[in-house]
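Participant:
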Amino acid sequence: MSLTLLDWRRSVARLYAEVRGEPDVVAAHDHWRRARDDLLRTHPDSPIPAPQRAGYPGAPVAPYDPRLRFDVGVDTGVAPRHMDLATGSDGIVPFDRIGCAHLPGYGDLDVWWLGSYGGGVFVPVKDASAGVTTYGGGRYLIDTVKGADLGGEDGRLILDFNFAYNPSCAYDPAWACPLAPAGNTLQRPVPAGELVP
1 MSLTLLDWRR SVARLYAEVR GEPDVVAAHD HWRRARDDLL RTHPDSPIPA PQRAGYPGAP
61 VAPYDPRLRF DVGVDTGVAP RHMDLATGSD GIVPFDRIGC AHLPGYGDLD VWWLGSYGGG
121 VFVPVKDASA GVTTYGGGRY LIDTVKGADL GGEDGRLILD FNFAYNPSCA YDPAWACPLA
181 PAGNTLQRPV PAGELVP
């Protein structure tokens, strides 16, 4: 761990706070895209390999589609499930399923709780276009440990595919990332958010 990683996490948390505070979701999405590109291009803890950062053109991001934003309750009436994921430098990271989000027309996504110190909600997604137009291992919708959280009230979550972003391992195989398990795989394509880098 380093102070630069602390700064990365603070920057991401600040960005998502700005996104949540912007009432115009299209403007919020544009701000998120530009700010994320800037972090990827300039931050010392960017997953973009250092020699490629200065020339990094930015992540390809689909235009905002309001039909792909869901404000959903978390169905906690699902059977508990546990998984341990090997993540390289972080060792084995435990996750417990705390519920399921039902997305009309798209399917269900498991909602996970990171069982390490401090905890956090984690919702990855792998859609039917994975490996073609989206990253093959899936993308992240929510990772509250990293500050990536679009909000929600009264036990609800905002799951907006327009803000789906690639895990660090999509940019550099030196990173080891938790990827979307079977309960976070959708059977139809979701052409939104960050696309194949």
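Residue numbers 1 to 197, in the working numbering, belong to the letters of the sequence shown in order.
Each residue gets a CB set at the ideal place from its N, CA and C atoms; glycine is no exception.
Source: prediction; values computed, not measured.
Assuming asparagine 184 and lysine 146 are in contact, meaning their beta carbons sit under 8 Å apart, how far apart are those beta carbons, in whole angstroms?
Facilitator: Between lysine 146 and asparagine 184 the Cβ distance is about 17 Å, and since that is not below 8 Å, they are no contact.
Participant: Give a yes or no on whether the C-beta atoms belonging to alanine 62 and proline 178 are separated by under 7 Å.
Facilitator: no
Participant: Where do the ends of the alpha helix (DSSP H) carrying arginine 156 lie?
Facilitator: Taken as a continuous stretch (DSSP letters only), arginine 156 belongs to no alpha helix (DSSP H), being part of the beta strand (DSSP E) at 156-160.
Participant: May I ask you to report which of helix, strand or coil DSSP gives glycine 183?
Facilitator: helix
Participant: If you compare alpha carbons, which of Ser2, Tyr117, Ala35, Asp7 is closest to tyrosine 16?
Facilitator: Ala35
Participant: Do you know whose CA, among Ala28, Leu40, Tyr117, lies nearest glycine 55's CA?
Facilitator: Leu40
Participant: Below 8 Å on the Cβ atoms is my contact criterion, and I expect phenylalanine 161 with leucine 150 to pass it. Report the Cβ-Cβ distance as a whole number of Å.
Facilitator: The C-beta distance from phenylalanine 161 to leucine 150 rounds to 11 Å, too long to meet the 8 Å contact threshold.
Participant: To the nearest angstrom, report how far apart leucine 159 and phenylalanine 70 are at their CA atoms.
Facilitator: 5 Å
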